[in-house]
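So the structure is just underneath, and the comments pick up after that.
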Amino acid sequence: MFILNIKRIKKMKNLTLENLTKVCGGVYFGPSDKLEQEVSSITTDSRKAEAGTLFVPIVGERVDAHKFIPQVMEAGALATLSERILENADFPYIKVESSL
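For the sequence shown, my numbering assigns the number 56 to the initial residue and increments by one for each residue that follows.
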(Lines of atoms letter the chains of each structure in order from A and count residues from 1; the text may use other names and numbers.)
(Lines give C-alpha, C1' and ligand atoms only; values in the text may rest on other atoms or scores of the structure.)
Protein backbone atom coordinates (compact mmCIF):
# COMPACT_ATOMS: atom_id res chain seq x y z
CA MET A 1 0.00 0.00 0.00
CA PHE A 2 1.18 3.49 -0.66
CA ILE A 3 0.33 7.09 0.00
CA LEU A 4 1.67 9.77 -2.26
CA ASN A 5 1.82 13.30 -0.94
CA ILE A 6 1.48 15.33 -4.11
CA LYS A 7 2.49 18.59 -2.42
CA ARG A 8 6.00 17.17 -2.04
CA ILE A 9 6.34 16.33 -5.70
CA LYS A 10 7.00 19.67 -7.35
CA LYS A 11 6.91 18.34 -10.91
CA MET A 12 3.28 17.34 -10.55
CA LYS A 13 0.98 20.28 -11.10
CA ASN A 14 -2.68 20.66 -11.85
CA LEU A 15 -3.67 17.24 -10.55
CA THR A 16 -7.33 18.03 -10.82
CA LEU A 17 -10.02 15.40 -11.08
CA GLU A 18 -10.47 16.43 -14.70
CA ASN A 19 -6.79 15.87 -15.54
CA LEU A 20 -6.64 12.62 -13.59
CA THR A 21 -9.71 11.36 -15.45
CA LYS A 22 -7.92 12.00 -18.75
CA VAL A 23 -4.66 10.41 -17.60
CA CYS A 24 -6.48 7.31 -16.29
CA GLY A 25 -8.57 7.02 -19.44
CA GLY A 26 -11.59 6.91 -17.17
CA VAL A 27 -15.06 8.39 -17.05
CA TYR A 28 -15.91 10.98 -14.40
CA PHE A 29 -19.13 10.72 -12.41
CA GLY A 30 -20.09 13.48 -10.03
CA PRO A 31 -20.69 17.21 -9.74
CA SER A 32 -19.01 19.21 -12.50
CA ASP A 33 -17.84 21.84 -10.00
CA LYS A 34 -15.49 19.24 -8.45
CA LEU A 35 -13.62 18.63 -11.72
CA GLU A 36 -11.27 21.57 -11.13
CA GLN A 37 -10.42 20.62 -7.55
CA GLU A 38 -6.85 19.46 -7.02
CA VAL A 39 -6.05 16.17 -5.34
CA SER A 40 -3.69 16.60 -2.38
CA SER A 41 -2.79 12.92 -1.92
CA ILE A 42 -3.42 9.51 -3.43
CA THR A 43 -3.76 6.36 -1.34
CA THR A 44 -4.69 2.70 -1.57
CA ASP A 45 -5.02 2.49 2.23
CA SER A 46 -8.54 3.46 3.31
CA ARG A 47 -7.25 4.28 6.80
CA LYS A 48 -5.07 7.07 5.37
CA ALA A 49 -7.89 8.87 3.55
CA GLU A 50 -8.48 12.50 4.50
CA ALA A 51 -9.68 15.72 2.92
CA GLY A 52 -8.35 16.07 -0.61
CA THR A 53 -7.43 12.39 -1.02
CA LEU A 54 -8.04 10.31 -4.13
CA PHE A 55 -8.69 6.73 -3.01
CA VAL A 56 -7.52 3.91 -5.26
CA PRO A 57 -9.31 0.68 -4.28
CA ILE A 58 -7.35 -2.44 -5.15
CA VAL A 59 -9.00 -5.81 -5.73
CA GLY A 60 -6.82 -8.43 -4.06
CA GLU A 61 -7.02 -12.17 -3.54
CA ARG A 62 -8.77 -11.77 -0.18
CA VAL A 63 -10.15 -8.25 -0.08
CA ASP A 64 -11.90 -6.03 -2.59
CA ALA A 65 -11.15 -2.52 -1.34
CA HIS A 66 -14.21 -1.17 -3.16
CA LYS A 67 -16.09 -2.12 0.01
CA PHE A 68 -14.19 0.64 1.84
CA ILE A 69 -15.30 3.44 -0.50
CA PRO A 70 -18.18 4.63 1.74
CA GLN A 71 -15.82 4.80 4.74
CA VAL A 72 -13.21 6.72 2.73
CA MET A 73 -15.72 9.24 1.45
CA GLU A 74 -17.11 9.71 4.95
CA ALA A 75 -13.56 10.49 6.09
CA GLY A 76 -13.55 13.43 3.66
CA ALA A 77 -11.78 12.04 0.60
CA LEU A 78 -12.23 14.18 -2.51
CA ALA A 79 -12.95 11.26 -4.84
CA THR A 80 -12.27 7.62 -5.57
CA LEU A 81 -11.40 5.47 -8.53
CA SER A 82 -13.69 2.51 -9.16
CA GLU A 83 -13.64 -0.47 -11.48
CA ARG A 84 -17.43 -0.51 -11.51
CA ILE A 85 -20.37 1.86 -11.71
CA LEU A 86 -21.30 3.00 -8.20
CA GLU A 87 -25.09 3.12 -8.08
CA ASN A 88 -26.53 6.08 -6.16
CA ALA A 89 -23.08 7.55 -5.42
CA ASP A 90 -23.40 11.08 -4.07
CA PHE A 91 -19.67 11.75 -4.38
CA PRO A 92 -17.21 12.15 -7.26
CA TYR A 93 -15.55 9.08 -8.70
CA ILE A 94 -13.62 8.07 -11.79
CA LYS A 95 -14.68 4.81 -13.42
CA VAL A 96 -11.60 2.99 -14.74
CA GLU A 97 -11.03 -0.41 -16.35
CA SER A 98 -8.47 -1.33 -13.69
CA SER A 99 -7.27 0.46 -10.58
CA LEU A 100 -3.81 -1.09 -10.91
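C-beta: ideal position from N, C-alpha, C; glycine also.
Because the structure is a prediction, the values reported are computed rather than measured.
For Pro86 and Ile113, the rounded distance between their alpha carbons: 24 angstroms
So what does DSSP say about Ala120, is it helix, strand or coil? helix
Per DSSP, Leu75 is paired with what? Bridge partners of Leu75: none, in fact.
Please determine, among Asn143, Phe110, Val151 and Asp100, the residue with the shortest C-alpha to C-alpha distance to Ala132. Selected option, being the one with the closest Cα: Phe110.
Between the beta-carbon of Ser96 and the beta-carbon of Val127, is there less than 8 angstroms? no
From the DSSP secondary-structure annotation, give me the bridge partner or partners of Ser137. Lys150
Using 8 angstroms as the threshold, is the C-beta distance between Leu90 and Glu105 below it? no
For Gly80, count neighbouring C-beta atoms within 10 Å of its own C-beta (all shown protein chains included) and say buried if the count is 16 or more, exposed if not. exposed
Can you name the residues that DSSP bridges to Val127? BP columns for Val127 are empty, so no partner.
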